[in-house]
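Asks: Sharing a structure here in structure tokens format.
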Amino acid sequence: MTERDAIAKPWGARTPFRPGEPWPDRVDIHLAGGVDPDDVQRWVRTASMLHSNGDAMDIAVVDGRIVGVRGRVEDRVNHGRLGPKDLYGWQANGSQDRLTRPLVRVDGGLVETDWDTAMDRVVTRSTQLLDERGPSSIGFYTTGQLMAEEYYTLAAIGHGAIGTNHMDGNTRLCTATAAAALKETFACDGQPGSYTDVDHADVIALFGHNMAETQTVLWMRILDRLAGPQPPRIVCVDPRDTPVAKAARDSGGVHLAPLPGTNVALMNALLHEIIANEWVDPDYLDAHTVGYAELRAQVEGCTPEWAGGICRLDPAEIRAAARVLGEAERLLSTVLQGFYQSHQASAAAVQVNNLNLVRGMLGRPGCGILQMNGQPTAQNTRECGADGDMSGFRNWANDAHVADLARHWNIDPMQIPHMAPPTHAMQMIRYCEEGSIGMLWVSGTNPAVSLPDLSRIRSIFSQDRLFLVVQDIFLSETAQLADVVLPAATWGEKTGCFTNVDRTVHLSDKAVEPPGQARPDLDIFLDYARRMDFRDRDGQPFPAWHDAESAFAAWAASTEGRPCDYTGLSHERLRAAPSGIQWPCNAEHPDGTERLYVDGRFWSAPDHCESYGRDMVTGAPLSPTEYRALNPDAKAVLKAAEYLPPHEPPGPEHPFVLITGRTIYHFHTRTKTGRAPELQAAAPRVWVECSPADAGRLGLTDGDLAEVATPRGTLHAHVRITGIRDGVLFVPFHYGYWDTPGGSAPDGGPGRAANELTATDWDPVSKQPLFKTAAASITPVEGGQR
Amino acid sequence: MSKLPLVLRELHRSETSLARDLLAVADRHQVDHEIFHVGRDIAAWSQTHVRLLSEIGHDHGLELDPAPRWTVPALSSLTRRLSTATVHRPESGLLLLADLRRVHRKAAGVSLDWELLAQSAQAMRQGELLALAQSCHPRTVRQMKWANAHLKASSPQIIAS
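Below you can see the structure in the form of structure tokens.
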């Protein structure tokens, strides 16, 4: 077991291994100062809640307090390792400023109250809206940080009991394109690959994925392969010179730094080269895919010279990258926000799927696709139907699927809205803006910092006619604008399950009591349901379950026959297992399933699939008939896409392309990581990155204060001169106002939240907002503090 | 004498009109961001079609404007201001439905015009014209489906609220 300075050495010491060998164990631990491992009274099983990797860990408890964490050596995901946010982030649970009592708005201010008063306000407004304006006047906006039991319950309440189509998660901001890309190619969500593909791959390609900072433990796995015999080559697509980019160069691979907003042009050129050089697998294409002729026709003219002009890359670099990808024998591709939050998000992410498919690189060790998630429980939001999907990967356009869900819930199928796709978050915000949603219930997320164009978002949330309920563990920027604030329990204070990127389900047990009157989100949702007196067809209380274990059992039962089959799992089974188990897990696969689509059998049969797909440019859903004609035999669909120029190109006034993103030390809007001393000290304030050439031209030096502006707003940030490509600025999106005098907004002066600058625009297929294509300017602030 | 020039002229007119309409709808619904952005993206398809029709028109003795005036600038800025002014009012939803309905009808007309062109090109063994119709027509159908899909997704909220 090793204690290390995980700020200075985020990835720790190397444990090299060769291809096909198991990843060696290395147990990371961090305990509060003065606590010895022998002092720990209980170790309680859980997994990480501060990123999407799903690292298994145990919480150390002394006298009813969390005092540290230790990686679980038995777990397939991390073999004992933990990242910096895992090691330090738990301290936020014990913060003095946790919400401990409900708050209600009285005379313009928030005042403490009791649960009955707060819930009565929520119930009164819900009932009034349902009576006067019907279910479409109520919306739910949840997160990627609750647990499966809570999402399933929320979905049952929203889609079932109330019957509103307006339910989404902030997973819309992080993982919607991952889901959309999988649905377009495989007609169903569900991660094809496994983390163990890292152990076997000879080429690992990371598309817009700074894994070194976003999934530190998976990156340790790659670093250990790179340090061992027969290391893989890395291909990195990123406009920033990240640790991944450096590894690409050092490994004999390629780093491509395209201009933001041009990913589809680049991908089409890579596919062009792969096809032109006959690096395709014709047998795989023939047996397992449809759409190859269209794809070939689409990329035919997309030469490296053509793409080089658009992406501002040397065509020779594109050719070199294509050669590495084309000659790979075991190719693992991963994708994250550089694609998902950029222009033509889904079209670009789908081309990565196409890359692996045309090369026949799927379903075998080392041959995988990881369409990554941003948040720890994003997978569950999707599976359970709390994010604009139907529970159990059911297809909203398939009446039989809706009827099947209604049977599980014992309600009338007509009660479940399915006349159109479930409303996505940005559209719900629009409905709040124009007034047709009268109540928005936000749980576990902070849209007043995380959504684009914050001055618009603040003005929408501040409307008197919108009744805003916020359920959270801190008085976030969003909570400060609420009419009712409900104090929630968090990770370590409640029991539930969640699932990581590669379908590994972990049980997270309650270690300590929540502070004050804070309650688990599950209890709050169920309390609301009982107070609203929701009933099923037989007049019984709905939802029929009453605690985490019974909620999980109901959820698992509802997945029978669906791709995300949890019927072999229960709290008891997960507690008895050495550690996490990958779904599908059922009678046929009692120990779970490592890789999907082994032998190229897809879940895309028209009657079974989750989605019939969408037009890659217009986003219009395909009709069931169109889909049946396209893919009657349940193959993977190669979807071609044309490149379109970004919507906000740089111009004379705003000559830069602004991208926003993350740092290794913070998560989301910093509500937890900003309250962990080591993490906060490691990245205490917002910064802006620009290239040496741009800085030199503008007279900026490292540490200068600069003003960054777009047509939406401005912020002040300190300059960091980095290896980012010329013409591009980067601002981390974590910083809001809760720890500034402004509280929920800039205090008169310049702002510091990256989303003051971002535009309201989203991918038409996945509906994921675009955070990486705004036109911006940067100027020195005279006399600014260094 | 062949009536092909007539078909081409009509197609040029209807594509121009569809492009203008898509741009105008985008402007009118600037606060419905997907309508604004995607409306402009797919208006570009019609603009490209107009240019291609103008190019091929030369071979058939036609002078078709490759880049007609797409918007009336003063009107365009006015509709944008109007669109922003009604940002907090649900009534703009009804206007959106009417606009989408009109785009759908117009695109359906253009689709039929491409059908006419493809059929006659085939009959008259005009390979280039047939290829043009085959490459452009699918995009017209996608424009139509876009309008249909948005109508489907937005009408429940607009009508029910």
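In the order they appear, the protein sequences are chains E and B.
Residues in the first sequence are numbered consecutively from 1, following full-length UniProt numbering.
Residues in the second sequence are numbered consecutively from 1, following full-length UniProt numbering.
Backbone N, C-alpha and C fix where the C-beta goes; we use that ideal spot for every residue, glycine too.
Just so it is clear, the structure is predicted and the values come from calculations on it, not from any experiment.
Take the Cβ of E:Q371 as the centre, count every other Cβ of all protein chains shown within 10 Å, and call the residue buried at 16 or more, exposed below.
Replies: Taking the first residue of the first sequence as 1, we reach residue 371 of chain E at position 371. Under this definition E:Q371 is a buried residue.
Asks: Ignore the nearest five residues each way along the sequence and tell me which others in B:L62's own chain have a CB closer than 7 Å to its CB.
Replies: In the second sequence, counting from the first residue as 1, residue 62 of chain B sits at position 62. Result list for B:L62: P5, L8, R9, in chain order.
Asks: Using a Cβ cut-off of 8 Å, which residues of the region 614–636 of chain E contact any Cβ in chain B, in chain order?
Replies: Hits within the stretch, in order: D615, V617, T618, G619, A620, P621.
Asks: Hey, B:D32 and B:L96: beta-carbon distance below 8 Å or not?
Replies: Within the second sequence, residue 32 of chain B is the residue found at index 32, counting from 1. Within the second sequence, residue 96 of chain B is the residue found at index 96, counting from 1. Yes, the Cβ-Cβ distance between B:D32 and B:L96 is below 8 Å.
Asks: Below 7 Å on C-beta distance, what does B:E34 contact in chain E?
Replies: Position 34 of the second sequence, counted from the start, is the residue given in the question as residue 34 of chain B. Correct list: W762, P764.
Asks: Would you say E:S436 faces chain B, with C-beta separation under 8 Å as the test?
Replies: Taking the first residue of the first sequence as 1, we reach residue 436 of chain E at position 436. Yes, contact with chain B.
Asks: Looking at the structure shown, is E:I371 part of a helix, part of a strand, or coil, going by DSSP?
Replies: Within the first sequence, numbered from 1, the residue matching residue 371 of chain E stands at position 371. Correcting the residue type first, residue 371 of chain E is Gln in the shown sequence and not Ile. Three-state DSSP puts E:Q371 in a strand.
Asks: Taking only the alpha-carbon atoms, compute the straight-line gap between E:A613 and E:P621 and give it to the nearest angstrom.
Replies: What you label residue 613 of chain E is simply residue 613 of the first sequence in a count that begins at 1. What you label residue 621 of chain E is simply residue 621 of the first sequence in a count that begins at 1. Here residue 613 of chain E turns out to be Gly, not Ala, going by the sequence shown. When rounded, the distance between both Cα atoms is 6 Å.
Asks: With which residues is E:C236 paired in a DSSP beta bridge?
Replies: By one-based count along the first sequence, residue 236 of chain E stands at place 236. E:L206, E:H255, per the DSSP bridge assignment.
Asks: For E:L82, count the other beta carbons within 10 Å of its own beta carbon; 16 or more makes it buried, fewer makes it exposed. Which is it?
Replies: Translated into positions along the first sequence, residue 82 of chain E becomes position 82. Counting Cβ neighbours within 10 Å, E:L82 comes out buried, since at least 16 surround it.
Asks: Roughly how many whole angstroms lie between the Cα atoms of E:D241 and B:D65?
Replies: Position 241 of the first sequence holds residue 241 of chain E. Position 65 of the second sequence holds residue 65 of chain B. So the two alpha carbons sit approximately 47 Å from each other.
Asks: Go ahead and pull the three-state DSSP assignment for E:T100.
Replies: As a working mapping, residue 100 of chain E is identified with position 100 in the first sequence. Of the three classes helix, strand and coil, the one that applies to E:T100 here is coil, per DSSP.
Asks: DSSP puts E:D63 in a beta bridge; with which residues?
Replies: By 1-based counting over the first sequence, the position of residue 63 of chain E is 63. Paired residue(s): none; E:D63 is not in a bridge.
Asks: Only counting runs of 3 or more residues, tell me where the beta strand (DSSP E) segments fall wholly within the region 378–459 of chain E, in order along the chain.
Replies: Within the region 378–459 of chain E, the complete beta strand (DSSP E) runs of at least 3 residues are 439–443.
Asks: With E:R42 as the anchor, note down where its beta strand (DSSP E) starts and where it stops.
Replies: Sequence index remark: in the first sequence, residue 42 of chain E carries index 42 (1-based). Run containing E:R42: 42–47, per the beta strand (DSSP E) assignment.
Asks: Could you name the residues of chain E that B:H88 contacts, counting a contact when the two beta carbons are closer than 7 Å?
Replies: Residue mapping note: residue 88 of chain B aligns to position 88 of the second sequence, counting from 1. Correct list: E433, E434, G435.
Asks: Do we get a CB-CB distance below 8 Å when we pair B:I56 with the residues of chain E?
Replies: Reading the second sequence from its first residue, position 56 is the one you call residue 56 of chain B. So no, B:I56 is outside the interface.
Asks: I need the straight-line Cα distance from B:Q30 to E:G703, nearest angstrom please.
Replies: Here residue 30 of chain B refers to the residue found at position 30 of the second sequence. Here residue 703 of chain E refers to the residue found at position 703 of the first sequence. If you take the alpha carbons of B:Q30 and E:G703, they lie about 39 Å apart.
Asks: Tell me the start and end of each unbroken beta strand (DSSP E) in the UniProt region "Disordered" (1–20) of chain E that is at least 3 residues and wholly inside, in chain order.
Replies: Entirely contained in the UniProt region "Disordered" (1–20) of chain E, not one beta strand (DSSP E) run reaches 3 residues.
Asks: Report the three-state DSSP secondary structure of E:D536 (helix, strand or coil).
Replies: Numbered from its first residue, the first sequence carries residue 536 of chain E at position 536. In the structure shown, E:D536 sits in coil (DSSP, three-state: anything other than H, G, I, E or B).
Asks: For the region 398–427 of chain E, which residues have a beta carbon sitting closer than 9 Å to at least one beta carbon of chain B?
Replies: Flagged, chain order: P417, M419, A420, P421, T423, M426, Q427.
Asks: To the nearest angstrom, how far is it from the Cα of E:P24 to the Cα of E:G33?
Replies: Against the first sequence, residue 24 of chain E aligns to sequence position 24. Against the first sequence, residue 33 of chain E aligns to sequence position 33. Taking the straight line joining both Cα atoms gives about 28 Å.
Asks: E:D536: buried (16+ other C-beta within 10 angstroms of its C-beta) or exposed?
Replies: Along the first sequence, one-based indexing puts residue 536 of chain E at 536. Looking at its Cβ environment, which holds 16 or more other Cβ atoms inside 10 Å, E:D536 is buried.
Asks: Look at the alpha carbon of E:L644 and the alpha carbon of E:A345, and state the distance between them as a whole number of angstroms.
Replies: If you number the first sequence from 1, residue 644 of chain E lands on position 644. If you number the first sequence from 1, residue 345 of chain E lands on position 345. Those two C-alpha atoms are separated by around 11 Å.
Asks: DSSP on E:Y141, reduced to helix/strand/coil?
Replies: One-based indexing of the first sequence puts residue 141 of chain E at position 141. Strand at E:Y141.
Asks: Between E:D58 and E:R70, is the Cβ-Cβ spacing less than 8 Å?
Replies: As a first step, residue 58 of chain E must be located in the first sequence, where it is residue number 58. As a first step, residue 70 of chain E must be located in the first sequence, where it is residue number 70. Taking 8 Å as the Cβ cut-off, E:D58 and E:R70 qualify as a contacting pair.
Asks: Can you give me the C-alpha to C-alpha distance between E:A265 and E:T303, rounded to a whole angstrom?
Replies: Taking the first residue of the first sequence as 1, we reach residue 265 of chain E at position 265. Taking the first residue of the first sequence as 1, we reach residue 303 of chain E at position 303. E:A265 and E:T303: Cα-Cα distance of roughly 9 Å.
Asks: Helix, strand or coil, according to DSSP, for E:V617 in the structure here?
Replies: Position 617 of the first sequence, counted from the first residue, corresponds to residue 617 of chain E. Three-state DSSP puts E:V617 in coil, outside helix and strand.
Asks: Who pairs with E:V505 in a beta bridge, going by DSSP?
Replies: One-based indexing of the first sequence puts residue 505 of chain E at position 505. E:V505 is bridged to E:T499, E:I581.
Asks: Got a sec, what are the start and stop residues for the beta strand (DSSP E) E:R364 sits in?
Replies: On the first sequence, residue 364 of chain E is found 364 positions in, with the first residue counted as 1. Element bounds for E:R364: n/a, residue is neither H nor E.
Asks: Quick check on this structure: which residue in E:G139, E:N755, E:T673, E:D521 has the alpha carbon closest to the alpha carbon of E:S48?
Replies: The sequence position of residue 48 of chain E within the first sequence is 48, counting from 1. Nearest C-alpha to E:S48: E:T673.
Asks: Give a yes or no on whether the C-beta atoms belonging to E:S137 and E:M439 are separated by under 8 Å.
Replies: For the purposes of this step, residue 137 of chain E is identified with residue 137 of the first sequence, where counting begins at 1. For the purposes of this step, residue 439 of chain E is identified with residue 439 of the first sequence, where counting begins at 1. Yes; because the gap between Cβ atoms is below 8 Å, this pair is in contact.
Asks: Please report the residue range of the beta strand (DSSP E) in which E:E707 lies.
Replies: Position 707 of the first sequence, counting from 1, holds the residue named residue 707 of chain E. It spans 705–709 - the beta strand (DSSP E) in which E:E707 sits, taken as one unbroken run.
Asks: Does chain E have any CB closer than 8 Å to the CB of B:V38?
Replies: Position 38 of the second sequence, counting from 1, holds the residue named residue 38 of chain B. Yes, because at least one Cβ of chain E sits closer than 8 Å to the Cβ of B:V38.
Asks: Beta carbons nearer than 9 Å to chain B: which residues of the region 120–139 of chain E have them?
Replies: For the region 120–139 of chain E, which is checked against every Cβ of chain B, the residues closer than 9 Å are R133, G134, P135, S136, S137.
Asks: Using C-beta distances below 8 Å, list every residue in its chain close to E:M419, excluding the 5 sequence neighbours before and after it, in chain order.
Replies: Position 419 of the first sequence, counting from 1, holds the residue named residue 419 of chain E. Result list for E:M419: N165, in chain order.
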